[in-house]
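Scroll down for the structure; my scribbles are underneath it.
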Ligand SMILES: [Ca+2]
């Protein structure tokens, strides 16, 4: 092959490879711009759960082991950047006549940009359907909170503080407007994954679930008595705001600590 021909072949090869990378980059950019209030989480694996046993007195009656740590593969999906707000939920109530959460008139919690609270699991599901979304699975929630590098908190491995999250130790005694903690963002750009309000997930809860869960796109046990909530809250120990920390509540539970965010499968 003469030198000119070889150069042409090399150039075409380069252009082809560059084209693939550019189109993939464009694809990722397009995906992340498709839903401005959501972040795009690309398909792939992450480490779910934590192997460490925590030994605090106040936790004795609770789940203190969030393991075993295991690798989970998830298809691509979108998840809300923020917890669903009162302002957003008000539109849902107005248009559908859905019941009002029991804390709806409490002035400490009902400002437009504060997260909605006092919603049952089925309320959260109804809202999500109304906006064309769904609740995240427990696995989707955890991956969005911590990424793939096994971090303890959305921002890394340093413990929470007043600049990163609204948890009990911060003593604000109320919810904060969603997105208040820039330093508390997750690797994908989700806010308040640690603290502010607990967030309903779609899964039923089973403490032993990780021993038998599917490696690909786990969706929780077939049935159960309680639903998973994640991320801790303004009125709960910061320890439970760790990305891997699991907790549970009956689906009919109404709490001033529980809200939600929505997810959506990528096409
Ligand atoms: Ca939260």
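Residue numbers (the working numbering): 130 to 396. Note that CB positions come from ideal geometry on N, CA and C, so glycine has one too. Bear in mind that the values here come from a model prediction, so they are computed numbers and not experimental data.
Are there any heavy atoms of ligand 1 lying less than 6 angstroms away from the beta-carbon of residue i, as far as the coordinates show?
i           : result
residue 325 : yes
residue 321 : yes
residue 360 : yes
residue 298 : no
residue 383 : no
residue 444 : A query on residue 444 cannot be resolved here, the shown segment of the chain reaching from 130 to 396 and no further.
Please tell me whether residue i and residue j are closer than 7 angstroms, where the distance is taken between their beta carbons.
i           : j           : result
residue 390 : residue 166 : no
residue 213 : residue 317 : no
residue 332 : residue 349 : yes
residue 283 : residue 323 : yes
residue 263 : residue 257 : yes
residue 222 : residue 385 : no
residue 327 : residue 387 : yes
residue 206 : residue 395 : yes
residue 372 : residue 219 : no
residue 308 : residue 211 : yes
residue 268 : residue 379 : no
residue 196 : residue 180 : yes
residue 330 : residue 265 : yes
residue 244 : residue 216 : no
residue 358 : residue 376 : yes
residue 383 : residue 249 : yes
residue 467 : residue 353 : Nothing in the structure corresponds to residue 467, since the chain is present only between 130 and 396.
So within the segment 262-319, which uninterrupted alpha helix (DSSP H) runs reach at least 4 residues, ignoring any that extend past its ends?
You should have 267-275.
Can at least three beta-carbon pairs, one atom from the segment 363-373 and one from the segment 283-294, be found at a separation below 8 angstroms?
A contact is defined here as three or more CB-CB pairs under 8 angstroms, and the segment 363-373 meets this definition with respect to the segment 283-294.
For the segment 322-361, which segments carrying the beta strand (DSSP E) assignment without a break, of at least 3 residues, lie completely within its bounds, in sequence order?
Entirely contained in the segment 322-361, the beta strand (DSSP E) runs reaching 3 residues are, in chain order, 327-333 and 356-359.
Would you mind listing the alpha helix (DSSP H) stretches within the segment 177-240 that are 4+ residues and don't spill past its ends, in chain order?
Qualifying alpha helix (DSSP H) stretches, in chain order: 215-225.
Check whether the segment 232-247 and the segment 300-311 touch, using three or more Cβ-Cβ pairs below 8 angstroms as the test.
Look at the beta carbons and you see the segment 232-247 touching the segment 300-311: at least three pairs across the two are nearer than 8 angstroms.
Would you check if the segment 171-181 and the segment 197-206 touch, i.e. whether three or more CB-CB distances between them fall below 8 angstroms?
They touch, by the three-pair rule.
So within the segment 366-392, which uninterrupted alpha helix (DSSP H) runs reach at least 4 residues, ignoring any that extend past its ends?
The segment 366-392 contains no whole alpha helix (DSSP H) run of 4 or more residues.
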